[in-house]
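Notes follow the structure.
2 protein chains.
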Amino acid sequence: MAVKTVMNAAGRKVPLAINGQPAIPFRGVGKHRPSGVKYSPPIPTCADFPSDGNKVVGSLEDALRKCGLKSGMTISTHHHLRDGDLISNRIFEIASGMGVKDLVWFPSASFPCNDPVIRYLSDGTINRIEGSMNGPLGRFVSEGGMKGTAVLRSHGGRVQAIQDGEVKIDIAVLAAPSADAFGNARGTGGSSSCGVIGYGKPDSMYATKVIVVTDNLVDFPCCPMEIEGNYVDCVVVVDKIGVPEKIVSGTTEITKSPDRILIAELTASFLEKTGILQDGVTMQAGAGGTSLAIAVFVHEILKRNGWKSKFGFGGSTKYMVKMLEEGQMGCILDAQAFDLDAVRSVETNPCHIPYPVFNAYNYHSKGNLTSMMDIMILGATEVDLGFNGNVVTHSDGYLLHGIGGWQNCLHARNVILPLPLFRDRIPVIVDEVTTLCGPGELIDVIITERSIAINPLRKDLVRRVKGSGLPIVTIRELKEEAERICGRPEKPEFDDRIVAAIKWVDGTVIDVVRKLKIQKG
Amino acid sequence: MAVKTVMNAAGRKVPLAINGQPAIPFRGVGKHRPSGVKYSPPIPTCADFPSDGNKVVGSLEDALRKCGLKSGMTISTHHHLRDGDLISNRIFEIASGMGVKDLVWFPSASFPCNDPVIRYLSDGTINRIEGSMNGPLGRFVSEGGMKGTAVLRSHGGRVQAIQDGEVKIDIAVLAAPSADAFGNARGTGGSSSCGVIGYGKPDSMYATKVIVVTDNLVDFPCCPMEIEGNYVDCVVVVDKIGVPEKIVSGTTEITKSPDRILIAELTASFLEKTGILQDGVTMQAGAGGTSLAIAVFVHEILKRNGWKSKFGFGGSTKYMVKMLEEGQMGCILDAQAFDLDAVRSVETNPCHIPYPVFNAYNYHSKGNLTSMMDIMILGATEVDLGFNGNVVTHSDGYLLHGIGGWQNCLHARNVILPLPLFRDRIPVIVDEVTTLCGPGELIDVIITERSIAINPLRKDLVRRVKGSGLPIVTIRELKEEAERICGRPEKPEFDDRIVAAIKWVDGTVIDVVRKLKIQKG
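Going down the list, the sequences are from chains W and P. Residue numbering for the first sequence follows the numbering used here, beginning at 200 and increasing consecutively. Residue numbering for the second sequence follows the numbering used here, beginning at 200 and increasing consecutively.
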């Protein structure tokens, strides 16, 4: 079934309605003005809650029943347990057993461990996922397996959607490494520590009903309260909320690929030679192998010059923690901890600070942390000649990643994408991105293992690299170089059906993903 | 002008409308059920805010103009600068100069330093105060000087009113001992440190416009963020937000009155002999001279028995800090710091934790801290034969105090009121309280310098004191004893005009204060 589409400001054909709700086409960066008031959930009363503060119920099923689980509801979860999450799938297993249908699953991200929900998408328990989908789940969506249309949002866009009432959460199920019987909860302690659980906070504040699930019930008060018990309806105690070794990597590992090391070195050199990297710099790196290598090179430059980064914004890793502990970083503001060193640091170091996603990322607020930052190191599956970026699909058309904080981070002063020229003999620089996730005007620099392309809009940077000896080329030259090596890959073929919508940070629709025409045989 | 009144569930005649808005009569403890959804302010967008996060404007007047100050608006402030507040009066001085009229001032409390606002009440700049009024301000209201009707709420009731939209804040002006240019703010640092500023947090979240005023602009990020910059419109930097020596007492002083010491000893003895005071106890004390003496006696009992209080709930004082530091208290959960030792403690001790008022006190949430607590030591101006309490007027009918957290604290397990039998030869135990602030069913024990009266509803306590040797009497006997000494004071005479409404924790009207008939003479 084809829906009515219009051309948005980025030249992409997008629908005027998604899953039966009106949708606003992307209008340009900073161009859409929201109207109306924030969403607000029903007013509760203490008269309905035990005066001794004990909200523990027998099981997750009891809690879901108590919260009135029924067909058509929206169920939210956070992703801080990452690939070790044992709770999300269980919700839908219970729902399926109860005969509940047409749920919307609204996770802050999904991981390979969530592939079993394909069963509940297939049996009608879940109508759709509004959140990231990768691996088999993304493949399932791209091939048209999901009944409803997926909606992909950035971490900040998810908060915006909750706050503005675009998504009304009926029941939030929030896994917590530690919680008290009142529902105060945090991301540390116990055997499933994940550092912080801040992506669950908007859910706790805006959902009608809130269930905290923990495997580590602690004495009241569970501090610091990332989730506040006054928003919580029930607490469930289970044996295990997560698989510890899959929640965080034991260690995050720097790339060993010589090409990637080259990209990292070139990136660090670019940052130093342009003067972007300086004393007092604010930065974010990421947890990919190349990003980690960049963090190490940047750390060396800071040390060599006697400089100190004012703060780093996490996703935190051991390399950022090292900068903090060795004195080259003032503090870490953290939205999620990627490895065990980061978890330990956030547990013990008062300068490693859990950071509210409302403050960092929500575009419908009175300012964001990200727009104040100097350096943002990000990835992409594709970048095109207009510097537009794609992070959700591959060039073969398959939906394979979530947006994460990527769109939100694009608002920083210097957005740098260190990318290999090609992956599996598929060029990364293309004529036009398969799916538009971020407008080119916000992407400043592409750094590959061979050369660097600066967005011509950044005249200041173009000027600053003059005489630097850095291998500067145009983005077209980058593309041509990759094509000389790999050739031009075939374009995927799509049919009309929209299987996923990509939201911009302001809630407008920047692009869609269509169902793949599957070549039989 | 007389308004239509009805008898509420406590037998008090209350109006069905206050300041032109409908009002719900008190229905009994836990009987009123709220309906509808929480209030929500307009959706902002980052597009309207500087991307470098710098929201500093030139002056408070600039900020008020930028926020669209105009007649009829509601302006909120917090009271953490206590009697040293230099900001609140200034707002109305500016408004008066701009010719703005009929404002509603919505402070979380007022202090003697705010008496100058009488000028702006008189010249029409302010229509009414919704908040506490004491000293000359209370006298002004009691004598009918204020144009609108005052509305008095507990600290928790104020949050409930904000959350439920009973009070819509147009502009919140939040003084902050430290803040960064983005508006992140905290209660410590600089020369006006007051420890915590948590009573301003609901204002920041629900007001349409938010101004942070600081005399200590710090580097981003100002942590811990008690106020989050994503809610803040402007930041104003001034020379001084407060008079340090009036913000907190240098030290809080234990009573020297032999009678009050006797009350304190008897209270501690009662707590120990009834077994209410035990290992793991949770408690709140207060900052009055008698309360401080009780804290010292309680501390001794804990030490003598090798017990430890699980947590103390502040308003914190040096005596509570002493318990924490010497190991007789697990942590302090703090809503405000009363003296310099408390401020130092909250700045430096990770077990001294700023505590969210939403979690502690808001009756329209999913539970409150106070209902879980064992011991609550509170005061009162009058208690009557039905154990009903008054904290806002004196027996002469004058409005002289705010409610503070008093009503919220009544929900604890054991509510103890240590009171002198009389003050200035006016008995404290009366036939019927002048103004009803707390229903007798929630007040458990009255302890005077001579004897103790237990609420007969607390059969368990009546049983537990048998054979304890404690001087137990009925409340009627307490009253008669006081009257034997002081005689029965004359009742004040009121006319029909309602000058103030007293809200219960659920937003219903529990009583009113009427205009005094002034004896000319």
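Every residue, glycine too, gets a C-beta built ideally from N, C-alpha and C. Computed from a predicted model, the values in this text were never measured in an experiment.
| Asked | Found |
| --- | --- |
| According to DSSP, is residue 551 of chain W part of a helix, a strand, or is it coil? | strand |
| So with CB distances below 9 Å, who are the chain A contacts of residue 532 of chain P? | Absence of chain A from the displayed structure is noted, the protein chains being W and P. |
| Which ranges would you report for the alpha helix (DSSP H) in the region 385 to 441 of chain P if only whole runs of at least 4 residues count? | 400 to 405 |
| Whole angstroms is fine: what's the gap from residue 312 of chain W's alpha carbon to residue 282 of chain W's? | 5 Å |
| In the DSSP output, which residue or residues are listed as bridge partners for residue 212 of chain W? | W:206 |
| Secondary structure at residue 710 of chain P, three-state DSSP: helix, strand or coil? | strand |
| In chain order, what residues of the region 569 to 580 of chain W put their CB closer than 7 Å to some CB of chain P? | 570, 571 |
| If you measure from the beta carbon of residue 230 of chain P to each beta carbon in chain W, is any gap under 9 Å? | yes |
| With a Cβ-Cβ cutoff of 9 Å, do residue 280 of chain W and residue 393 of chain W count as a contact? | yes |
| Indicate whether at least one CB of chain P lies closer than 9 Å to the CB of residue 264 of chain W. | no |
| Return the first residue and the last residue of the beta strand (DSSP E) that residue 351 of chain P is part of. | 349 to 351 |
| I'd like to confirm the pairing. Which residues does DSSP put opposite residue 304 of chain P in its beta bridges? | P:274, P:328 |
| Does any residue of chain P have a CB that is nearer than 9 Å to the CB of residue 548 of chain W? | no |
| So who's on the other strand from residue 512 of chain P, going by DSSP bridges? | P:483, P:532 |
| With a cut-off of 9 Å, does the C-beta of residue 244 of chain W fall near any C-beta of chain P? | yes |
| For the region 309 to 329 of chain P and the region 403 to 420 of chain P, state whether three or more C-beta atom pairs, one from each stretch, are separated by less than 8 Å. | no |
| Could you confirm whether any beta carbon from chain P is found closer than 9 Å to the beta carbon of residue 562 of chain W? | yes |
| With distances taken from CA atoms, which of P:398, P:643, P:609, P:592 is nearest residue 601 of chain P? | P:592 |
| Using a Cβ distance threshold of 8 Å, determine whether the region 567 to 587 of chain P contacts the region 619 to 635 of chain P, with at least three qualifying pairs required. | yes |
| Check whether the region 493 to 508 of chain W and the region 537 to 556 of chain W touch, using three or more Cβ-Cβ pairs below 8 Å as the test. | no |
| Classify residue 717 of chain P: buried if its beta carbon has 16 or more other beta carbons within 10 angstroms, exposed otherwise. | exposed |
| Residue 448 of chain P by DSSP, collapsed to three states: which one? | strand |
| Quick check on DSSP: helix, strand or coil for residue 293 of chain P? | helix |
| Report back the beta-carbon spacing between residue 379 of chain W and residue 417 of chain W to the nearest angstrom; my notes put them in contact at under 8 Å. | 6 Å |
| One question on the structure: do residue 267 of chain P and residue 370 of chain P come within less than 9 Å of each other, judged by their Cβ atoms? | yes |
| Which residues bound the alpha helix (DSSP H) around residue 469 of chain W? | 457 to 472 |
| Is the distance from the Cβ of residue 271 of chain W to the Cβ of residue 302 of chain W below 9 Å? | yes |
| For residue 675 of chain P and residue 353 of chain P, I'd like the C-alpha separation in whole angstroms. | 28 Å |
| My output table needs one value for residue 476 of chain P: the three-state DSSP class, helix, strand or coil. | coil |
| If you measure from the beta carbon of residue 204 of chain P to each beta carbon in chain W, is any gap under 9 Å? | no |
| Would you be able to state if there are at least three C-beta pairs under 8 Å between the region 690 to 706 of chain W and the region 483 to 493 of chain W? | no |
| Give the secondary structure of residue 650 of chain P by DSSP, where H, G and I count as helix, E and B as strand, and everything else as coil. | coil |
| Got a sec? Which residues, its chain only, sit under 7 Å from residue 357 of chain W by beta carbon, not counting five neighbours each side? | 307 |
| Find the residues of chain P that neighbour residue 236 of chain W, judging by a C-beta separation of less than 7 Å, and give them in chain order. | 239, 240, 241, 242 |
| If you reduce the DSSP assignment to three classes, tell me which class residue 598 of chain P lands in. | strand |
| Tell me the DSSP secondary structure of residue 631 of chain W in three-state form. | coil |
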